[in-house]
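In the working numbering, the protein residues as written are 102 to 284.
Single-structure report; data block below.
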């Protein structure tokens, strides 16, 4: 029985790897790299890079509270929702957060929440809009300065309605580095 469970967890781990983007851009406008090292066989961490056209991209990173299979299943559902939404339509970021919060509340029934960082980056203008929904603060390094990306709202699924959502805006200088991470 333990061997069967171990095999199922290994298959789940391999399936979870398929949810992460397989191609990340490396060109004269940007160089994106990512690494996922799970602490357990499977978990609730997620990152994504979604092209919206030649110069526009969605960057996101998230973490479901808790560990294991339930966190991984909620994250897989969350990832599918995000991918589907961006495939068919563009939304205002604050509206998108409200809708994602409702989805997490329905799916997790108040038992789990998701910290989430979402950014819309234009590589031509170098402008980025973002919302940090309770996630570890990404930061931008440029020369010897650091800028925390801390504007946003509470995590998704914490309350039925998000009390306040702010959208951060920043212009990213050439040769800057954006660092996003989970715990």
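From the three backbone atoms N, C-alpha and C, an ideal C-beta is built for every residue, glycine too.
Could you check which residue in 228, 214, 119 and 226 has the C-alpha nearest to that of residue 260? Nearest C-alpha to residue 260: 214.
Taking C-beta to C-beta, are residue 269 and residue 256 nearer than 8 Å? Not closer than 8 Å, so no.
Residue from 194, 115, 102 and 132 whose Cα sits closest to the Cα of residue 177: Nearest C-alpha to residue 177: 115.
With burial defined as no fewer than 16 other Cβ atoms inside 10 Å of the residue's Cβ, what is the status of residue 165: buried or exposed? Residue 165 comes out buried.
May I have the straight-line CA-CA distance separating residue 147 from residue 224, to the nearest angstrom? In a straight line, the C-alpha of residue 147 is about 23 Å away from that of residue 224.
Proximity to residue 233 [Cα-Cα], best of 222, 240 and 250: Ranking the options by Cα distance to residue 233, first place goes to 250.
Identity of the residue in 242, 107, 273 and 235 nearest residue 169 by Cα: For the residues 242, 107, 273 and 235, the minimum Cα distance to residue 169 belongs to 107.
Would you mind working out which of 159, 129 and 130 sits nearest residue 218, comparing C-alpha positions? That would be 159, whose Cα lies nearest to the Cα of residue 218.
Starting from residue 202, trace the alpha helix (DSSP H) both ways and give me its first and last residue. For residue 202, the enclosing alpha helix (DSSP H) stretches over residues 194 to 209.
In this structure, how does DSSP classify residue 269 when only helix, strand and coil are distinguished? For residue 269, the three-state secondary structure derived from DSSP is strand.
Hey, would you say the C-beta of residue 228 is under 7 Å away from at least one heavy atom of the ligand ATP? With respect to the ligand ATP, the structure offers nothing, as it holds no ligand at all.
Verify whether the separation of the beta carbon atoms of residue 216 and residue 235 is less than 8 Å. Yes.
Could you give the residue range of the alpha helix (DSSP H) that holds residue 282? From DSSP, residue 282 is part of no alpha helix (DSSP H); its letter is neither H nor E.
CB-CB under 7 Å to residue 156, same chain, minus the five flanking residues each way: which ones, in chain order? If the five residues before and after residue 156 are omitted, its C-beta is found closer than 7 Å to the C-beta atoms of 223, 224 and 225, all from its own chain and listed in chain order.
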